[in-house]
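Below: one structure, written as structure tokens.
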Amino acid sequence: MRLAATVAGLALALTGLNASAETIRIAIGTQDTTINCATGGLLIRELGLLDKYLPHDGKYKDATYQIEWKNFTSGAPLTNEMVAGKLDFGAMADFPGSFNGVAHLDAGKRSLFISVLSGSVHGSGNGIVVPAASSVQSLAELKGKTISVPFASTAHGMLLRAVAAQGWDPQKDVRIIAQAPEIAGSALRSNRIEAHADFVPFAELFPNRGFARKIYDGAQANAPTFHGALVDADYAKKYPEVVTAYLRASLEADRLIAAEPEKYSELIEKVTGIEAEVNYLFHGPLGLQTRDLTWKPEYRQAVATSIDTLKLLKKTDRGLDTDKFIDDQYIRGAFKEAGLGYDKALKNYDPLPLKANDALTGKPITDFSRLAQVWVRGEDKVRHYASPEAALGALAQLEQEGKDIRAIYAQAADSGIKLLANQAWFVRNGNGELAAFLLKDQAEQYAKAHGGEALDFVSANQKLVAQR
11 MRLAATVAGL ALALTGLNAS AETIRIAIGT QDTTINCATG GLLIRELGLL
61 DKYLPHDGKY KDATYQIEWK NFTSGAPLTN EMVAGKLDFG AMADFPGSFN
111 GVAHLDAGKR SLFISVLSGS VHGSGNGIVV PAASSVQSLA ELKGKTISVP
161 FASTAHGMLL RAVAAQGWDP QKDVRIIAQA PEIAGSALRS NRIEAHADFV
211 PFAELFPNRG FARKIYDGAQ ANAPTFHGAL VDADYAKKYP EVVTAYLRAS
261 LEADRLIAAE PEKYSELIEK VTGIEAEVNY LFHGPLGLQT RDLTWKPEYR
311 QAVATSIDTL KLLKKTDRGL DTDKFIDDQY IRGAFKEAGL GYDKALKNYD
361 PLPLKANDAL TGKPITDFSR LAQVWVRGED KVRHYASPEA ALGALAQLEQ
411 EGKDIRAIYA QAADSGIKLL ANQAWFVRNG NGELAAFLLK DQAEQYAKAH
461 GGEALDFVSA NQKLVAQR
């Protein structure tokens, strides 16, 4: 009996040793080119942030971590691998994220939406573009036309809402076809498509590359959108501390890019090929979207709306309990461990703030509604100006000096979203002051209501030069 007890005790000890020495897989699916997933994937991977926060005490004392990364261009194939058990975490937008939840339920499993990464409560990020040479200036002019979109993407949901807002029948008044971003880019270049709707960053990337114009921003639909992180529910139950560690790394990535947006926009370009000036448009201060890891009511609603849209598209007939699918316990835990206040952040809707001096006068900028910025190639920091006319004036001087201008930004006078100024429209009042707008129609309506002249970027620049 004594020998049997000794053997049994030894077996238990060995079992405990094996458990402590377990090799824990952390398989993370990323979307590198979907740049608003950067703080949940690319930056964590490239900066080695996850290793900083993984637990090494208690049941993890002798654990070995096997970190695996796999990159995807969209959420659907990422979801397929999560459902197949090949991935533990994934980053994607609200629409494919909701489909991820449904797909797991269909397979007798569960996934959890554990954190937002970046988003807009108004809908910016998704957009519609047309070929650069197109005469189309607004969505209203696309009735009867063909619009391509990545099917079952967050941009698809935005397009359907935008079409509905026009009072159109999506089956009769427009022709919506499936097209991936890489195919759409080629089609726009060769004028083989009349319009294309897409998610981050393509509605800005294609115009920045000169072969498309943005004619619609998701904010016009006023439909919240975001990108976030998901985890397999069984994995989270087994390794909750690992889930929290992943989110601690995400918080760290968010802090780093907030402190040095130009530097990390360059890193994203190095990895993805997506120009740093487009990355800065989203991730920089007063950016097109706000990096936000909290579950604001608007983002919870975005998930519910996505599920309803999936049913409309006949992609599923299954409901999804958002109160169970969205699980904020892990992000709350990460905030607490990081010494941050989750509830305070939850109430904060402000974009990344900017504290800067005017590059011409050296005086602090206090009114950011007319902020304009110039990024000179070869310079580590973006130059900030108190007004669009000040920035355009500086632009003329910089060009005379032979400087290569990487990007010019302006804040829209109506919506406040950040614009690529060379793609924007401007209203010039009698004092020579400029107000920026995304669309020609918006500029013309403002000019009619307030007085002034609606001008495209080239004309506004020429007028300013002539005035000087």
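So for the sequence shown, my numbering puts the first residue at 11; every next one is plus one. Built from N, CA and C at the ideal position, the CB exists for glycine as well.
Delimiting residues of the beta strand (DSSP E) encompassing tyrosine 359 = That residue, tyrosine 359, is in no beta strand (DSSP E); it is neither H nor E in DSSP.
request  = Can you tell me which of Asp67, Arg438, Pro234 and Asp318 puts its alpha carbon nearest to the alpha carbon of alanine 103?
outcome  = Pro234
task = Assign asparagine 471 to buried or exposed, taking buried as 16 or more other Cβ atoms, counted over all protein chains shown, within 10 Å of its Cβ.
result = buried
Completely contained beta strand (DSSP E) runs for the stretch 230–287, where each covers 3 or more residues = 235–242
query = Rounded to a whole number of angstroms, what is the C-alpha to C-alpha distance between serine 196 and asparagine 289?
reply = 21 Å
request  = Look at the alpha carbon of phenylalanine 216 and the alpha carbon of arginine 223, and state the distance between them as a whole number of angstroms.
outcome  = 8 Å
ask   = Considering only the beta carbon of each residue, do arginine 301 and aspartate 264 sit closer than 7 Å?
value = yes
Range covered by the beta strand (DSSP E) that runs through glycine 137 = 137–141
task = Tell me whether the beta-carbon of isoleucine 418 lies closer than 7 Å to the beta-carbon of valine 392.
result = no
ask   = Since valine 126 is in the alpha helix (DSSP H), which residue starts that stretch and which ends it?
value = That residue, valine 126, is in no alpha helix (DSSP H); its beta strand (DSSP E) goes 121–130.
ask   = Once you ignore the five residues that flank threonine 332 on each side, which residues in its own chain have a CB closer than 7 Å to its CB?
value = Arg310, Val313 and Ala314
message = Taking 8 Å as the limit between beta carbons, can you name the residues of its chain near alanine 188, skipping five residues before and five after?
response = Ser158, Val159, Pro160 and Phe161
query = Any idea which residues DSSP pairs asparagine 439 with across the strands?
reply = DSSP, once it has assigned bridges, lists no residue as partnering asparagine 439.
ask   = For asparagine 218, does the three-state DSSP call read helix, strand or coil?
value = helix
key: Sheet register partners of glutamate 557 (DSSP bridge)   = The structure shown does not extend to residue 557, since the chain is modelled only from 11 to 478, so the question has no answer here.
inquiry  = I need the DSSP call for valine 17, collapsed to helix, strand or coil.
reply    = Low confidence applies here, because valine 17 scores a pLDDT of 46, under 50, leaving its location unreliable and the question unanswered by this model.
key: valine 252 beta carbon less than 7 Å from that of threonine 44   = no
message = Between the alpha carbons of valine 281 and leucine 59, how many angstroms are there, rounded?
response = 16 Å
message = Given 6 Å as the limit, tell me if serine 200 has its C-beta closer than that to any heavy atom belonging to the ligand GDP.
response = By its list of ligands, the structure shown contains no ligand whatsoever, and the ligand GDP lies outside what it can speak to.
ask   = Excluding the five sequence neighbours on either side, which residues of its own chain have a C-beta within less than 6 Å of the C-beta of alanine 255, listed in chain order?
value = Tyr63 and Leu64
message = Rounded to whole angstroms, what is the Cα-Cα separation between glycine 461 and asparagine 439?
response = 7 Å
inquiry  = Taking the alpha helix (DSSP H) that tyrosine 456 belongs to, which residues open and close that run?
reply    = 450–460
inquiry  = Can you tell me whether aspartate 387 is buried or exposed? The criterion is at least 16 other CB atoms within 10 Å of its CB, across all chains shown.
reply    = For clarity, residue 387 is arginine in the given sequence; the question names aspartate instead. Arginine 387 should be labelled exposed.
request  = For asparagine 46, count neighbouring Cβ atoms within 10 angstroms of its own Cβ and tell me buried if that reaches 16, exposed if not.
outcome  = buried
query = Does the beta-carbon distance from alanine 207 to alanine 165 come in below 7 Å?
reply = yes
key: Sequence-distant residues of its chain with Cβ nearer than 7 Å to leucine 22 (five each side left out)   = Since pLDDT at leucine 22 reaches only 44, below the 50 mark, its modelled position is unreliable, and the value read off the structure follows with that caveat. Same-chain partners within the cutoff: there are none.
query = Can the beta-carbon of isoleucine 138 be found closer than 7 Å to that of isoleucine 225?
reply = yes
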